Amino acid sequence: MALPGFAGPRRQTIQDLEPGTTEEVSSRCPNESIYILNCKDCTVNINNRTAKISAENCTNVTIRVKLSPLTSFCEILNSDTVHLHLEEGVSISTMMVDQADNITIHVVNSQEQLEKVWWHKVSNVQVECGGVYHLLDKVEGHNKIQIFQHVCKPLPDGTFSKEPVLREGDHVLNE
13 MALPGFAGPR RQTIQDLEPG TTEEVSSRCP NESIYILNCK DCTVNINNRT
63 AKISAENCTN VTIRVKLSPL TSFCEILNSD TVHLHLEEGV SISTMMVDQA
113 DNITIHVVNS QEQLEKVWWH KVSNVQVECG GVYHLLDKVE GHNKIQIFQH
163 VCKPLPDGTF SKEPVLREGD HVLNE
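Printed below as a string of structure tokens:
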């Protein structure tokens with residue numbers, strides 16, 4: 013049951029874009045979510061602040077986030093060859109990549125633009141900053157503890173800390 017006067021989360025879906033298409037998207041309010049679904053060989057330009065950006069089942073898609081001081085959450089799921097470009101001044105607090113291949117996050121200043129990157133079942137996830145590519149390698153785990161995700165955090169020297177998120181049952185051991 014919704015609270016009186018509360019419309020709930022807003023969502024805008026971009027779906028099944030034709031190859032070669034460039035779609036300009038502007039959210040209607042800052043807490044709106046943008047969903048990019050089943051797109052192939054296209055570009056999506058997000059022109060203002062959103063609460064969440066989600067790309068799912070996409071192939072060879074470029075997502076450019078412009079003119080936005082903060083996007084809280086961005087996820088890329090079940091996709092192949094996605095380029096996420098964050099223009100200067102755009103930041104994402106949490107980036108999650110799950111079951112995807114060949115993901116590149118392009119930033120101007122990694123420490124100011126990315127807080128955390130989580131990934132699971134991903135091959136080749138990298139961050140490009142100023143022409144330098146940082147491959148976010150998988151970290152080998154302890155034999156008694158299951159690793160199901162990895163997280164990286166930008167460091168002041170432009171590199172990234174990389175560590176597994178360790179779980180024993182439902183309990184996160186190192187967060």
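Quick note on this note's numbering: the sequence shown kicks off at 13 and runs consecutively.
A virtual CB, placed ideally from N, CA and C, is assigned to each residue, including glycine.
Quick caveat: nothing in here was measured; it's all calculated off a predicted structure.
Check	Outcome
C-alpha distance - residue 48 paired with residue 108, whole-angstrom precision	15 Å
Where residue 131 falls: helix, strand or coil (DSSP)	strand
Within 8 Å, strictly: CB atoms of residue 12 and residue 137	An answer regarding residue 12 cannot be provided, because it is not within the stretch 13 to 187 covered by the chain.
Inter-residue spacing [alpha-carbon to alpha-carbon] between residue 27 and residue 144	32 Å
Proximal residues to residue 51 (C-beta, below 6 Å), its chain only, five neighbours per side dropped	29, 70, 73
From 35, 167, 106, residue whose alpha carbon lies closest to that of residue 85	106
Residues that DSSP places opposite residue 23 in a beta bridge	45
Cut-off 7 Å between Cβ atoms - residues of its own chain near residue 33, not counting five sequence neighbours on either side	54
Per DSSP, the bridge partner or partners of residue 96	75, 117
Element boundaries [beta strand (DSSP E), containing residue 55]	52-58
From 100, 112, 132, residue whose alpha carbon lies closest to that of residue 142	100
Counterpart residues of residue 83 in DSSP-defined beta bridges	104
Extent of the continuous beta strand (DSSP E) to which residue 66 belongs	64-68
Range covered by the beta strand (DSSP E) that runs through residue 147	144-147
Nearest-angstrom Cβ-Cβ length linking residue 94 and residue 112, presumed shorter than 8 Å	7 Å
Three-state secondary structure (DSSP) of residue 124	helix
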